[in-house]
Amino acid sequence: MDKRMNALAFALENEEKEREFYLAQARKTRNMAGKNMFKQIADEEKEHYEMLKKLHAKWVEKKKWPATIPLKVQPSSAGSVLQGMSGKKSARITGTEDELKAVRTAIDFEARGVALYSKLAKQCTDAKEVAFFDMLAQVERQHLLSLKDTEEFLVDPATWYQHMERSGLDGA
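Under the numbering used here, residues 7 to 178 are what the sequence shown spells out, in order.
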């Protein structure tokens, strides 16, 4: 249990640091798609942090997995951020090098989050614990995919829009 408790404490700290990073990047980023993506993920990381904080406190108090903490989070809506920007001129600005660096740093954060929560799930024997950490790994994976999509968007918005709109010469 100590290993999992330490990992949970690390995850708590990590969620808080990630949220601070995302909020800082949302303030700096001029591209509206990037700005909105960072804001959305920051909000979702706050929800994860609050849930992990409650879980950690109860686990420390009871010395076992708490039965009273709701172990669900809202599904990530980060993936819909770029789609919501479709057609807006402010979103068609190619990202700056700093914005791309921030997105790539965020991709690294989320990849490490997926790995951490997947590892925690594998270390657990209790079905509730496994399901909880699998759920967190899945949400982090959604963030990861959304950020990779954002990276592609910032590099080449026109091509991203073509892929999104599935334009092309199908059947030609």
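Backbone N, C-alpha and C define an ideal beta-carbon position, used for all residues, glycine too.
With 16 other CB atoms within 10 Å as the buried threshold, where does residue i fall?
i: R25; result: buried
i: A178; result: Residue placement at A178 is flagged as unreliable, the pLDDT there being 48, under the threshold of 50; a coordinate-derived value is accordingly withheld.
i: D155; result: buried
i: S152; result: buried
i: F138; result: buried
i: Q168; result: exposed
i: A112; result: buried
i: E105; result: buried
Let me know the secondary structure DSSP gives residue i once reduced to three states.
i: T102; result: coil
i: A68; result: Residue identity differs from the one stated: residue 68 is Lys in this sequence, not Ala. Helix.
i: R36; result: coil
i: T156; result: helix
i: L165; result: Leu is not the amino acid found at residue 165; the sequence shown has Thr there. The answer is helix: DSSP assigns T165 an H, G or I state.
i: T111; result: helix
i: D132; result: coil
i: A178; result: Confidence is the limiting factor: at A178 the pLDDT is only 48, short of 50, which leaves the residue's position unreliable and the question unanswerable from this model.
Which residue from the options puts its Cα closest to that of residue i?
i: L150; options: E116, L160 and E158; result: E116
i: A39; options: L160, Y167, H169 and M170; result: L160
i: E67; options: D49, V120 and M11; result: M11
i: E135; options: E50, H62 and A48; result: H62
i: M145; options: L106, Q129 and R118; result: Checking the displayed sequence, the identity of residue 145 turns out to be Val instead of Met. Nearest of L106, Q129 and R118 to V145, Cα basis: R118.
i: Y179; options: K107, L142 and K9; result: Outside the displayed range of the chain (7 to 178) lies residue 179, so it cannot be described from this structure.
i: F16; options: K70, K52 and L58; result: L58
i: K60; options: L14, K41, Y28 and N37; result: L14
i: E51; options: E22, N42 and K70; result: E22
i: K9; options: Q148, Q129 and W166; result: Q129
i: V109; options: N20, N42 and E19; result: N42
i: D162; options: G101, E19 and Q148; result: G101
i: L29; options: Q46, L18 and M170; result: Q46
i: W71; options: R147, D132 and D140; result: D132
Under the criterion of a Cβ to heavy atom distance below 7 Å, does residue i qualify as lining the ligand GDP?
i: K34; result: By its list of ligands, the structure shown contains no ligand whatsoever, and the ligand GDP lies outside what it can speak to.
Do the segment 27-45 and the segment 124-135 meet, that is, are 3 or more Cβ pairs less than 8 Å apart?
The segment 27-45 makes no contact with the segment 124-135, as fewer than three CB pairs between them are under 8 Å.
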